[in-house]
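Visitor: As given, the protein sequences belong to chains A and H, one line each in that order.
Each number in the numbering used here corresponds to the 1-based position in the first sequence with 78 added.
Each number in the numbering used here corresponds to the 1-based position in the second sequence with 78 added.
Virtual Cβ for every residue (Gly too), placed ideally from N, Cα, C.
Bear in mind the structure is a predicted one, so any value in this text is a computation, not a measurement.
Before we start, here is the structure in question, set down as structure tokens.
Protein chains: 2
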Amino acid sequence: MVVLQVVHYKTMIRDLNMELYGGIIGLLFLVFGIWLGTSSFRKRESVKYDAGKLGLSKREVEVLQLLSEGFSNQEVADRLFVSLNTAKTHISNIYSKLNVKRRTQAIQKARDLALITPSKE
Amino acid sequence: MVVLQVVHYKTMIRDLNMELYGGIIGLLFLVFGIWLGTSSFRKRESVKYDAGKLGLSKREVEVLQLLSEGFSNQEVADRLFVSLNTAKTHISNIYSKLNVKRRTQAIQKARDLALITPSKE
DNA sequence: TGCTAAATCACCCGAAAGAATGATCTAAAA
DNA sequence: TTTTAGATCATTCTTTCGGGTGATTTAGCA
């Protein structure tokens, strides 16, 4: 009987350890699962990288950002404290660098390439 | 010794069960974690609902979709097999219903309200 | 120190976009 | 059947966009 009790005691110890292990491993699985779930939905964010690749200057990226927020040429000019003509020059340069014809297309491309910061989504 | 062996045998059985349980519970945690991770990143999608609320006709939603894809007025007209004037009329009506002044703002609002189908993202 | 890229601004011109208004036609609802 | 909403198209007019070109200034690089 003593033998049995000793054995039983050992298994109880082991049970406790198992519970602890179970909890920890469960947590690990949980964390791993959350990581899996979120990482598949996270988007890569590389602003300066793509912008530099396309030859966009930081001023042009600023303009692009404002364009994407729905501002007119004049509003962009006002917000950057430059003349309308300057704003137009930047915008034209953006079009040629992005290889597009219209501002809507530029905005589209900027979104696709993650050149700009989305306001909502 | 027979007793010991029997007890040992039982614990082995239990160990096997524990491994199974552990695996299953781990899987459950994993699934739950993935669910947690993804659900916090999923977006609501209600197309016809908001469109109706704003009083947009289905034709206008069609036009809005094309606008968001970067098409010019003429291209929208061509794609819907209507005249340029008709396209412009639709677009104007969209602006007043969305309470915006420019097409870029209309596109923005349409995206925010999930009135349109995003091409990429 | 000269070269170069970036940023700034100007002027001109044509095309596109947008506002305002009115008209016709059709299908569905009252 | 009469109303009504949606879709269609037109005309006129103003504003905005976009292309093309050239000039000046400044800051960093070779």
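List the whole-angstrom C-beta distance separating alanine 184 of chain A from tyrosine 173 of chain A, where the pair is believed to meet the contact cut-off of C-beta under 8 angstroms.
Guide: About 6 angstroms separates the two Cβ atoms, so the contact holds.
Visitor: Quick check on serine 174 of chain H - is its C-beta less than 8 angstroms from some C-beta in chain A?
Guide: With 8 angstroms as the cut-off, serine 174 of chain H does not count as an interface residue toward chain A.
Visitor: For valine 141 of chain H, which residues of its own chain have a beta-carbon under 8 angstroms away from its beta-carbon, when the five flanking residues on both sides are left out?
Guide: Excluding positions up to five away in sequence, the list reads Val154, Leu158, Ala165, His168, Ile169, Ile172.
Visitor: Quick one, which residues of the region 149–177 of chain H are near chain A if we go by CB-CB under 9 angstroms, in chain order?
Guide: Result list: Phe149, Ser150.
Visitor: Near leucine 207 of chain A, which residues of its chain fall below 6 angstroms by C-beta distance, leaving aside the five closest residues on each side in sequence?
Guide: Look at the range of chain A in this structure, 79 to 199, and you will see that residue 207 of chain A is not part of it.
Visitor: Between threonine 182 of chain A and threonine 182 of chain H, which are expected to be in contact by the criterion C-beta below 8 angstroms, what is the C-beta distance as a whole number of angstroms?
Guide: About 7 angstroms; that satisfies the 8 angstroms criterion.
Visitor: From valine 178 of chain H to leucine 132 of chain A, what does the alpha carbon distance come to, in whole angstroms?
Guide: Distance between the alpha carbons of valine 178 of chain H and leucine 132 of chain A is about 32 angstroms.
Visitor: Quick check: what's the CA-CA separation for lysine 121 of chain A versus leucine 144 of chain H?
Guide: With a pLDDT of only 42 at lysine 121 of chain A, under 50, the local geometry of the prediction cannot be trusted, and no value is derived from it.
Visitor: Please confirm whether glutamine 143 of chain H has its beta-carbon closer than 8 angstroms to some beta-carbon of chain A.
Guide: No, because no Cβ of chain A sits closer than 8 angstroms to the Cβ of glutamine 143 of chain H.
Visitor: In whole angstroms, what separates the C-alpha of leucine 162 of chain H from that of asparagine 151 of chain H?
Guide: If I take the Cα positions, the gap works out to 7 angstroms.
Visitor: Under a CB-based cut-off of 8 angstroms, is glutamate 185 of chain H close to chain A?
Guide: Going by the sequence as given, residue 185 of chain H is isoleucine instead of glutamate. Isoleucine 185 of chain H counts as touching chain A.
Visitor: Suppose contacts are defined by Cβ-Cβ distances below 8 angstroms. Is leucine 193 of chain H in contact with valine 139 of chain H by that definition?
Guide: In this structure, valine 139 of chain H lies closer than 8 angstroms to leucine 193 of chain H by Cβ.
Visitor: Alpha carbon to alpha carbon, how far is arginine 180 of chain A from glycine 148 of chain H?
Guide: One C-alpha to the other measures close to 8 angstroms.
Visitor: From which residue to which residue does the alpha helix (DSSP H) around isoleucine 172 of chain A run?
Guide: Unbroken alpha helix (DSSP H) run through isoleucine 172 of chain A: 162–176.
Visitor: Report the rounded CA-to-CA distance for serine 146 of chain H versus leucine 106 of chain H, giving the unit in angstroms.
Guide: Rounded to the nearest angstrom, the two C-alpha atoms are 42 angstroms apart.
Visitor: Determine, using beta carbons only, whether arginine 137 of chain H comes closer than 8 angstroms to chain A.
Guide: No, because no Cβ of chain A sits closer than 8 angstroms to the Cβ of arginine 137 of chain H.
Visitor: For threonine 182 of chain H, go through chain A and note every residue whose CB falls closer than 9 angstroms to its CB, in chain order.
Guide: Neighbours of threonine 182 of chain H on chain A, chain order: Leu145, Ser146, Glu147, Gly148, Phe149, Ser150, Arg181, Thr182, Ile185.
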